[in-house]
Structures are given as structure tokens and as C-alpha cells.
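The working numbering numbers the first residue of the sequence shown as 862 and each following residue consecutively.
C-beta: ideal position from N, C-alpha, C; glycine also.
The structure displayed is predicted, hence computed values, not measured ones.
Structure, as C-alpha cells:
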Amino acid sequence: MKFLGVIPARYGSSRLEGKPLKDICGHTMIEWVYKRVKNSDLDDVVVATDDKRIYDEVVKFGGKAVMTREDHPNGTSRIAEVCEKITDVDVIINIQGDEPLIEKDMINSLIDAFKKEPQLEMGTLKFKLDNQEDIENPNSVKVITDKNDYAIYFSRSVIPYPRNKNKDIYYKHVGIYGYKREFVMEYSQWEQTSLEISESLEQLRVLENGHKIKVLETQYKIIGVDTVEELERVRQYIKANNITL
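This is the structure we're talking about:
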């Protein structure tokens, strides 16, 4: 199987305009994401963007970029357009463009899952939550799985309900996905579903249509960037740990 990493990147953001081009210790955020993703076992990596400024930045640091339409409702739709342009791949790994501390082992674990289970249509990651604030935070998406590590449900609510206190059973969903190329193209065309709309979680569309999502546990608790405060946290973390590209 051939694996392609796709990094959707928009300039517009309600909370942090121009996010992919924000400076982080001398490099733009999109450069941090791209170059750290390139360290993984992916066969190739491309940034999917609708903004010429982001496209030019990726080309400037030596990366690959694809221009996509401006009217995509979400990242999955943008990835489906990339799949129409790039046909010689089997599996797409969707990496968020606002996670500059992405670890290669996270990506490699998804690659390994598709190699071990060739029938797999979709996979993602989770990590264990260890504090009550994150468990109760609606911006922290929780996931519960069955004994075979397939998703039962994703929610912004506390799931499972804490009738008996036990912090060891709460997991946060990490927004990195792997899909078979044909599956993501099909899935992107489905109509929105009621649970998806209620929770504002696109992955619920897959479950509501009777398909499975493999959920692998990771040890990494990376810092995504949605706000100025999170951007500064990443900068300080990189400086404190002497991380370089």
C-alpha cells in the first residue's frame, strides 16, 4: 500500500486568523507540521490549501502543496478533492495543520494499523485523560471504544457517565485520521447526520452510516493551536525543550 499524508491548511480562522503562517521560533507553523510529518514512514506529504500565501510558503521551504477550492465545508471535503487529483495512493493520513508538535510515531501507528488490517476503512487516535478539567471540557472530544478498539461513540460530553468515579476510563480523541482513498471520497459525499450536527463532530457521520473507525491509543499529548495563548504555549515548550527542525 502507498500512504499519502495530507495537511489541510486554511488561512481563515475565527479564533486565530492566518494560523498556518504564524511564527514559531523562526519557522511558520505549517513548516513545523510539514517537516515533522516528513519524518514519518509516509510515502509522500502534501499541504492542501485554498490560499496562495500558504501555498507559496510551503513551496518556499521546499514542501509540496496543492491548491483546492475555497468552498469546502470541512477538511474531509478538501481531502476528497486532493484524492481526485492524486490517484496513485491507497491510504490517506489526514494531519491537522495546527499541530506543530505532531510526533512521527503517531502517524506510523496508523500506517501499521492499515498494514495489519487491509480491510480497515478508517482509523484515528486517542490518549488517556488524567485531569477532571479536560474530562469535563466540551472542547475536549472524548471517545469510547469496544474491546477490539473500534469506536462506539465520540462526544463533547463526559462519556461514559461517571456513575462510579473512575478516571482511568476517559480518553481524548486526537484529530488525526487515516482513510482508504476510496472510502474518504465516498464518505465526503454523504449527507450530514443528526448526531454529527448535534455534537458538531464530523466523524459521527461514519458511525451513523454503519461503518467502523479503529481507535489506537497513543502516549503523546500534543498541543493543538487554536488561540494566541496556545500558540505561546507551543513556543515556550519548543524553547524549553530545545526542539529544532
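DSSP places Gly1036 within a strand segment (E or B) once states are collapsed to three.
Runs of the alpha helix (DSSP H) lying entirely within the region 863 to 931 and spanning at least 4 residues, in chain order: 890 to 898 and 913 to 921. In the three-state reduction of the DSSP assignment, Asn969 falls in the helix class, which pools H, G and I. In the three-state reduction of the DSSP assignment, Thr937 falls in the helix class. Contact check for Leu1065 against Phe1015 passes: the beta carbons are separated by less than 7 Å. Excluding five sequence positions before and after Leu986, the CB atoms of its chain that fall closer than 8 Å to its own CB belong to Met967, Ser970, Leu971, His1034, Val1035, Ile1037, Val1076, Leu1077, Glu1078 and Thr1079, given in chain order. Per DSSP, the continuous alpha helix (DSSP H) segment holding Val1095 begins and ends at Val1089 to Ala1101. With a contact defined as Cβ atoms closer than 8 Å, Asp951 and Arg1042 qualify at about 6 Å. The three-state secondary structure of Val1045, taken from DSSP, is helix. By the Cβ-count criterion, Asp911 is buried, with 16 or more other Cβ atoms from all chains shown falling within 10 Å of its own Cβ. Residue state for Lys987 is assigned as strand, using DSSP reduced to three classes. Under the three-pair Cβ rule at 8 Å, the region 940 to 951 does not count as touching the region 1053 to 1063. Residue state for Ser1055 is assigned as helix, using DSSP reduced to three classes. Of the other Cβ atoms in all chains shown, 16 or more fall within 10 Å of the Cβ of Arg871; this residue is therefore buried. Around the C-beta of Lys880, 16 or more other C-beta atoms lie within 10 Å, and the residue is accordingly described as buried. Selection Cys944, Val919 and Thr929 evaluated against Glu1047 yields Cys944 as nearest (Cα-Cα).
Under the 8 Å Cβ criterion, the region 1091 to 1102 does not count as touching the region 1001 to 1009, having fewer than three qualifying pairs. By the Cβ-count criterion, Gly1071 is exposed, with fewer than 16 other Cβ atoms from all chains shown falling within 10 Å of its own Cβ.
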